[in-house]
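To start, the structure under review is shown below, and the notes come after it.
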Amino acid sequence: ETLLCTLKKRNTNLFCSEVTKVLLLKNPEFTSLGPYLKGLPMEDPVAMSFDSLPDSKALSFTVTLLPAGHCPGSVMFLFEGSRGAVLYTGDFRLSVEETKRIHSLHSCGSVKNLSSLYLDTTFCHPKVPEIPSRETTRDCVLKLIEKWLSAS
Numbered sequence: 006e007t008l009l010c011t012l013k014k015r016n017t018n019l020f021c022s023e024v025t026k027v028l029l030l031k032n033p034e035f036t037s038l039g040p041y042l043k044g045l046p047m048e049d050p051v052a053m054s055f056d057s058l059p060d061s062k063a064l065s066f067t068v069t070l071l072p073a074g075h076c077p078g079s080v081m082f083l084f085e086g087s088r089g090a091v092l093y094t095g096d097f098r099l100s101v102e103e104t105k106r107i108h109s110l111h112s113c114g115s116v117k118n119l120s121s122l123y124l125d126t127t128f129c130h131p132k133v134p135e136i137p138s139r140e141t142t143r144d145c146v147l148k149l150i151e152k153w154l155s156a157s
């Protein structure tokens with residue numbers, strides 16, 4: 006079943022960053038998702054609620070999109086509500102210094118307590134004991150480009 010069919014059948018939306026929404030809608034393959042895409046602002050909490058079960062009261066929470074530094078439009082989702090705070094990272098590429106500047110991850114001068122952390126990363130594999138730094142990655146790419154250019 007395609008994503009579009011699922012969104013239609015469940016009468017629901019796909020939340021993303023405003024940049025991601027623009028990028029998706031520029032691609033003809035994804036323009037049909039337009040009515041279901043909801044771009045949210047960066048680092049600005051948005052109040053939401055949904056009915057979790059038919060006979061229970063709605064669950065209210067805020068979601069804040071935080072920069073992930075992975076690629077244009079990439080975000081981490083911070084969910085906060087009466088049950089605590091949950092951070093879903095997706096693929097991210099942030100230095101410690103960059104995370105210090107994300108105010109939504111801090112409270113009263115220290116790192117905010119999280120009830121859960123969902124870490125989703127390409128490098129979560131036993132054969133990758135260490136994620137290379139941006140500098141190391143840049144240097145490897147430059148060496149590869151130099152090799153290609155000298156070979157031609």
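Residue numbers for the sequence shown follow our numbering, beginning at 6 and rising by one. Glycine included, every Cβ here is placed at the ideal spot set by N, Cα and C.
- By DSSP's assignment, residue 123 forms a beta bridge with 93.
- Here residue 156 is exposed, its C-beta having fewer than 16 other C-beta atoms within 10 Å.
- Here the segment 63 to 77 lies against the segment 90 to 106, with 3 or more beta-carbon pairs under 8 angstroms apart.
- Proximity to residue 85 across 46, 77, 40, 109 peaks at 109, based on C-alpha coordinates.
- Residue environment analysis places residue 26 among the buried positions, since at least 16 neighbouring C-beta atoms fall within 10 angstroms of its C-beta.
- Distance from residue 70 to residue 107 at the Cβ level is roughly 11 angstroms; contact not present, criterion being Cβ atoms closer than 8 angstroms.
- Considering only 17, 44, 18, the residue with the shortest C-alpha distance to residue 28 is 44.
- If you draw a straight line from the Cα of residue 146 to the Cα of residue 154, it is about 12 angstroms long.
- Taking a contact as a CB-CB distance under 8 angstroms, the pair residue 19 and residue 42 counts as one, their CB atoms being some 6 angstroms apart.
- Under the DSSP assignment, residue 56 falls in the beta strand (DSSP E) whose first and last residues are 51 to 56.
- Cβ neighbours of residue 53 within its own chain (closer than 8 angstroms, five residues either side excluded): 65, 66, 67, 68.
- Shown here, residue 99 sits in coil according to DSSP, grouped into three states, outside any helix or strand.
- DSSP places residue 65 inside the beta strand (DSSP E), whose first and last residues are 63 to 72.
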